[in-house]
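Colleague: One structure coming up, written as structure tokens, with questions to follow.
Chains as they are written, first to last, in this note's numbering: chain A, 2 to 563; chain B, 2 to 386.
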């Protein structure tokens, strides 16, 4: 593994090597950043689910969808910062909260999940309610409840318990209330004065814990992290490092890494993926689910279990398959009744790395045919962080789609674009890459001919020539833009925003450190999670206390307030 | 100029043809003149139907097709009896199958006890001269041999004499066994949706997927069901585990074979195969079985014929247990039983001299598949994470 990393580092371009030496080999310390005003982010559906499951158990069912987040600067994590809670969106949160609370207190679960027993279950029990909300509220809010919050929850529970003659109904209503408050639904940057900080402010220990936990585990802090926050350990380098290292060793790291790559690779698109099953009989809804899962399993196994260099996700032959994928790849599986198994494509196989997997190839294709343009655009935008301009609105597709045209392969059809100046500008960015994948049809099945004509899969990636998908994957592996893009997006994901102007040097520092680690994702996670920049805040804007009230519209604020 | 163009065409076209051939080979995988992965080809049988030769005007059945068990029963009843047995007509035609089946003198099921009825009209059987199948007994005149009883031979549609297919003679004038007949269509459908008795064909020691004079063909039963696409069709290239017990595969008889231009031709031998259809499960040994299987150019599908002597007792167990299908299958169980005994032409009983097997031929259609052995399952690292 170490040798592999060394090779990788040496194979990089000179500029990266220089950067490595300039910034890390000489012991460069973390560049200072000015921080940003405190903000708040709405939890994602997955984060909501993880928190509920972590606090109450996997058996709690959460069968609902929330209002979608807007993908901003290539990440939903950034869009979460600008999420509004509309009245209908609030209703969805409320319905789920009722359902969750109902399950927590039902007769099957209450003995375990409600950690105290009321003296009389047919009436309110102030002490028991207080105990329950104190314990559960700390996990849900990622900090202890304030006295005011506690009083609200307990008095609501008591009132309902007395009215309905049932202690647990009271708990149910009180818990529902907690689950629809901004303090639960939003990850809030709560701050406190800090004389040692240039801005005079810092995140509270609990806010740091939440930021860290949602970054690495995609869920709320566990007991140890909350205790570290409570004790002030997270304000010390040693205490923070101890917690980060513990979290990196945890089984929950895989969950966090999955969440990042789902966002980074825009895998939410799978939910709307459709294919013409007459053309692709092997495509089923189950196959699409497996394709997404294969991508994530491959990445998590590579970066978490093996801690192998990140660029090798484009060249690794190791992956996982199930029966659905076996039919697409035309390889045997030993468990046709379901389940995953490790698989290594043979050395002379046409496939290597995640870009030759069904997930990428089907996601970036049309319902009935492949698309060199979509695939090339995805590589540019997702993996190299390059913006490909949107097509003009007045495109004439008649030449491209002419069924009587003599062109049989995608390359032949796409040459039409070369003759139209308004198309050529963008297509020369996307098509030379995407054509390298043309030996895979619209769901990723291998082929060497299209309509009887040989498929030419040669091309170049920013000057690096390739002659098939495998050498294209190698070109991706060798591209300095690949780790640079990941670094930028991982930091953006962690912070919930694109890097500020004064953070560019810090991001370059991360890139160099990433290279020096042999492109260990875990090392990069650690660098970000232990950095000062990740937690740096300035004074709140408009004198707010850290909660940006504008995140809720007026009507919703009224409803929440009431 | 025209001459030049023609000259170019002459030179170019062969090159183009060669290129296309190479491409086709590469696309299909099995069409290549290379060994397939692990020197193995695999198929799963999707359709298994008796090979019934049908002329345009049903000339092979000059007396027409048989009437059903129900019809025979119905014709035997007076109007008063019809009213009594059908609750004054409330039991409709398709629901009378169990009444007609139990028409023995003492209410016996005549499909399970066909010998209790002796006066049904004789089964109408094939009188044509042409049939699918192969020469199983080695002669062309139909005379008895140590392993066969006297019978009439057919010629193949191509004119090859000596074809042994007494099963065709037995069932060829029964509507339910003919093209689009309900019996085998229903059986196929039941196999497709139940996953029972699915036959796997594994071809091993393959050095050249299109031409190899020495390969081995082994027949297994799958424990995995067909995966179906959204239109209900079987998806090729799926993996199927073989049915295995402690001391080896439950089925697993092998035949030596050759492949010529993509056509697998096995030698002859006894093979036990699973069969399920119309609620009956059989596991007959097909004696002197041989198979011809033609693989399509793209390697995804195959079709061909299996011929051999079918165990008559097992076959009659199957036809006697067709249940409601008998109503639309259209034959009299007692007449069918009597005719089958008469048609049997293979493997005479040493004591009685009666033949115990019947020559047969079946059409098979198959899809490319991966045949998974237990040792593969145990050796491969699983990944339950």
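Built from N, CA and C at the ideal position, the CB exists for glycine as well.
Quick caveat, the model's predicted, so the values are computed rather than measured.
Under 8 Å between the Cβ atoms of residue 453 (chain A) and residue 409 (chain A)?
Modeller: Mapped onto the first chain, residue 453 (chain A) falls at position 452. Mapped onto the first chain, residue 409 (chain A) falls at position 408. Against a cut-off of 8 Å, the Cβ pair of residue 409 (chain A) and residue 453 (chain A) comes out as a contact.
Colleague: Alpha carbon to alpha carbon, how far is residue 87 (chain B) from residue 293 (chain B)? Give it in angstroms, no decimals.
Modeller: Indexing the second chain from 1 puts residue 293 (chain B) at position 292. Indexing the second chain from 1 puts residue 87 (chain B) at position 86. Cα to Cα, residue 293 (chain B) sits roughly 49 Å from residue 87 (chain B).
Colleague: Distance check for residue 210 (chain B) and residue 260 (chain B), CA to CA, integer angstroms please.
Modeller: Here the question's residue 260 (chain B) lines up with position 259 in the second chain. Here the question's residue 210 (chain B) lines up with position 209 in the second chain. Taking the straight line from one Cα to the other gives about 8 Å.
Colleague: Go through its chain and collect everything with a Cβ distance to residue 537 (chain A)'s Cβ below 6 Å, but skip five positions before and after it.
Modeller: Counting from one through the first chain, the residue named residue 537 (chain A) turns up at place 536. Hits under 6 Å: 34, 36.
Colleague: Is the CB of residue 259 (chain A) under 8 Å away from at least one CB in chain B?
Modeller: Sequence index remark: in the first chain, residue 259 (chain A) carries index 258 (1-based). False, the Cβ-Cβ gap to chain B never drops below 8 Å.
Colleague: Are the Cβ atoms of residue 157 (chain A) and residue 178 (chain A) separated by less than 8 Å?
Modeller: Taking the first chain and counting its residues from 1, one reaches residue 157 (chain A) at position 156. Taking the first chain and counting its residues from 1, one reaches residue 178 (chain A) at position 177. In this structure, residue 178 (chain A) lies closer than 8 Å to residue 157 (chain A) by Cβ.
Colleague: Residues of chain A with a CB under 8 Å from the CB of residue 398 (chain B): which are they?
Modeller: One cannot answer for residue 398 (chain B) here, as it falls past the ends of chain B, which runs 2 to 386.
Colleague: For chain A, is any of its Cβ atoms less than 8 Å away from the one on residue 371 (chain B)?
Modeller: Here residue 371 (chain B) is taken as the residue at index 370 of the second chain, counted from 1. Closer than 8 Å: yes.
Colleague: On the CB-based measure, 16 or more other CB atoms within 10 Å of its CB, does residue 350 (chain B) come out buried or exposed?
Modeller: In the second chain, residue 350 (chain B) corresponds to position 349, counting from 1. Counting Cβ neighbours within 10 Å, residue 350 (chain B) comes out exposed, since fewer than 16 surround it.
Colleague: Please state whether the Cβ-Cβ distance between residue 194 (chain B) and residue 158 (chain B) is less than 8 Å.
Modeller: Your numbering for residue 194 (chain B) matches position 193 in the second chain. Your numbering for residue 158 (chain B) matches position 157 in the second chain. Annotated as distal: residue 194 (chain B) and residue 158 (chain B), with beta-carbon spacing of 8 Å or more.
Colleague: Using beta carbons (cut-off 8 Å, strictly below), is residue 334 (chain A) in contact with chain B?
Modeller: Within the first chain, residue 334 (chain A) is the residue found at index 333, counting from 1. So yes, residue 334 (chain A) belongs to the interface.
Colleague: Are the CB atoms of residue 578 (chain A) and residue 375 (chain A) nearer to each other than 8 Å?
Modeller: Because chain A is modelled from 2 through 563, residue 578 (chain A) falls outside the range shown and cannot be assessed.
Colleague: Would residue 178 (chain B) pass as a contact of residue 184 (chain B) if the rule is Cβ separation under 8 Å?
Modeller: Numbered from its first residue, the second chain carries residue 178 (chain B) at position 177. Numbered from its first residue, the second chain carries residue 184 (chain B) at position 183. Yes; because the gap between Cβ atoms is below 8 Å, this pair is in contact.
Colleague: Below 9 Å on C-beta distance, what does residue 324 (chain A) contact in chain B?
Modeller: On the first chain, residue 324 (chain A) is found 323 positions in, with the first residue counted as 1. Those are 225, 228, 239, 240, listed as they occur along chain B.
Colleague: Under 7 Å Cβ-Cβ, which residues of chain A neighbour residue 231 (chain B)?
Modeller: Taking the first residue of the second chain as 1, we reach residue 231 (chain B) at position 230. Simply 278, 285.
Colleague: Show which residues of chain A have a CB atom less than 7 Å away from the CB atom of residue 181 (chain B).
Modeller: The count along the second chain starts at 1 and reaches residue 181 (chain B) at position 180. Those within 7 Å of residue 181 (chain B) in chain A number zero; the least Cβ separation is about 24 Å.
Colleague: Along chain B, which residues have their Cβ under 7 Å away from the Cβ of residue 282 (chain A)?
Modeller: Counted from its first residue, the first chain places residue 282 (chain A) at position 281. Near residue 282 (chain A) (Cβ distances below 7 Å), the residues of chain B are 230, 234, 236.
Colleague: Here's the rule I'm using: 16 or more other beta-carbon atoms within 10 Å means buried, otherwise exposed. How should residue 333 (chain A) be labelled?
Modeller: Taking the first chain and counting its residues from 1, one reaches residue 333 (chain A) at position 332. Buried, by the Cβ-count rule.
Colleague: Please report the residue range of the alpha helix (DSSP H) in which residue 75 (chain B) lies.
Modeller: Counting from 1 along the second chain, the entry for residue 75 (chain B) is found at position 74. 70 to 76 is the span of the alpha helix (DSSP H), which, as asked, contains residue 75 (chain B).
Colleague: Nearest-angstrom Cα distance between residue 147 (chain B) and residue 348 (chain B)?
Modeller: Here residue 147 (chain B) refers to the residue found at position 146 of the second chain. Here residue 348 (chain B) refers to the residue found at position 347 of the second chain. Looking at the two C-alpha atoms, the distance is approximately 8 Å.
Colleague: Can you find the residues in the same chain that come closer than 7 Å, C-beta to C-beta, to residue 342 (chain A), ignoring five residues on each side of it along the sequence?
Modeller: Position 341 of the first chain holds residue 342 (chain A). Here the set comprises 321, 322, 334, 335, 336.
Colleague: How close, in whole Å, do the beta carbons of residue 444 (chain A) and residue 363 (chain A) come, if the pair is a contact with beta carbons under 8 Å?
Modeller: Looking up residue 444 (chain A) in the first chain gives position 443. Looking up residue 363 (chain A) in the first chain gives position 362. The pair is a contact, with the Cβ atoms about 5 Å apart (cut-off 8 Å).
Colleague: What residues in its chain sit with their C-beta under 8 Å from that of residue 356 (chain B), if we drop five residues either side in the sequence?
Modeller: Your numbering for residue 356 (chain B) matches position 355 in the second chain. Apart from sequence neighbours up to five positions away, the residues of its chain that approach residue 356 (chain B) with a beta-carbon distance below 8 Å are 149, 150, 313, 345, 346, 347, 348, 349, 350, ordered along the chain.
Colleague: Does residue 327 (chain A) get closer than 8 Å to chain B when you measure Cβ to Cβ?
Modeller: Residue numbering aside, residue 327 (chain A) sits at position 326 when the first chain is read from its first letter. Interface residue, yes.
Colleague: Residue 76 (chain B): buried (16+ other C-beta within 10 angstroms of its C-beta) or exposed?
Modeller: As a first step, residue 76 (chain B) is located in the second chain; it is residue number 75 there, counting from the start. Residue 76 (chain B) comes out exposed.
Colleague: Taking only three categories from DSSP, how would you classify residue 316 (chain B)?
Modeller: For the purposes of this step, residue 316 (chain B) is identified with residue 315 of the second chain, where counting begins at 1. Here residue 316 (chain B) sits in helix by DSSP.
Colleague: For the candidate residues A:235, A:196, A:194, A:125, whose alpha-carbon lies nearest to that of residue 210 (chain A)?
Modeller: Your numbering for residue 210 (chain A) matches position 209 in the first chain. Checked all of A:235, A:196, A:194, A:125; the closest Cα to residue 210 (chain A) is A:235.
Colleague: Measure the alpha-carbon distance for residue 486 (chain A) versus residue 420 (chain A) and round it to whole angstroms.
Modeller: For the purposes of this step, residue 486 (chain A) is identified with residue 485 of the first chain, where counting begins at 1. For the purposes of this step, residue 420 (chain A) is identified with residue 419 of the first chain, where counting begins at 1. Each residue's alpha carbon lies about 32 Å from the other.
Colleague: Can you give me the Cβ contacts of residue 28 (chain B) inside the same chain, cut-off strictly under 8 Å, excluding the 5 residues immediately before and after it?
Modeller: As a first step, residue 28 (chain B) is located in the second chain; it is residue number 27 there, counting from the start. The predicted position of residue 28 (chain B) is uncertain, since its pLDDT is 37 and thus under 50; no value can be drawn from it.
Colleague: Buried or exposed: which applies to residue 321 (chain B), given that a residue is buried once 16 or more other Cβ atoms fall within 10 Å of its Cβ?
Modeller: Sequence index remark: in the second chain, residue 321 (chain B) carries index 320 (1-based). Answer is buried; the Cβ neighbour count reaches 16.
Colleague: Name the chain A residues that come within less than 7 Å of residue 377 (chain B), Cβ to Cβ?
Modeller: Walking along the second chain from the start, residue 377 (chain B) turns up at place 376. Near residue 377 (chain B) (Cβ distances below 7 Å), the residues of chain A are 335.
Colleague: Taking just the CA atoms, how far does residue 61 (chain B) sit from residue 307 (chain B)?
Modeller: For the purposes of this step, residue 307 (chain B) is taken as residue 306 along the second chain, with counting starting at 1. For the purposes of this step, residue 61 (chain B) is taken as residue 60 along the second chain, with counting starting at 1. C-alpha separation (whole angstroms): 22 Å.
Colleague: Going by C-alpha to C-alpha distance, which of A:338, A:84, A:67 sits closest to residue 73 (chain A)?
Modeller: By 1-based counting over the first chain, the position of residue 73 (chain A) is 72. Of the listed residues, the one whose Cα sits closest to residue 73 (chain A) is A:84.
Colleague: DSSP puts residue 356 (chain B) in a beta bridge; with which residues?
Modeller: Within the second chain, the letter at position 355 stands for residue 356 (chain B). DSSP output for residue 356 (chain B) lists B:349 as bridge partner(s).
Colleague: Put residue 143 (chain B) into one of helix, strand or coil per three-state DSSP.
Modeller: Here residue 143 (chain B) refers to the residue found at position 142 when the second chain is read from its first residue. Coil at residue 143 (chain B), not helix or strand.
Colleague: Please list the terminal residues of the continuous alpha helix (DSSP H) segment that includes residue 98 (chain B).
Modeller: In the second chain, counting from the first residue as 1, residue 98 (chain B) sits at position 97. Run containing residue 98 (chain B): 98 to 102, per the alpha helix (DSSP H) assignment.
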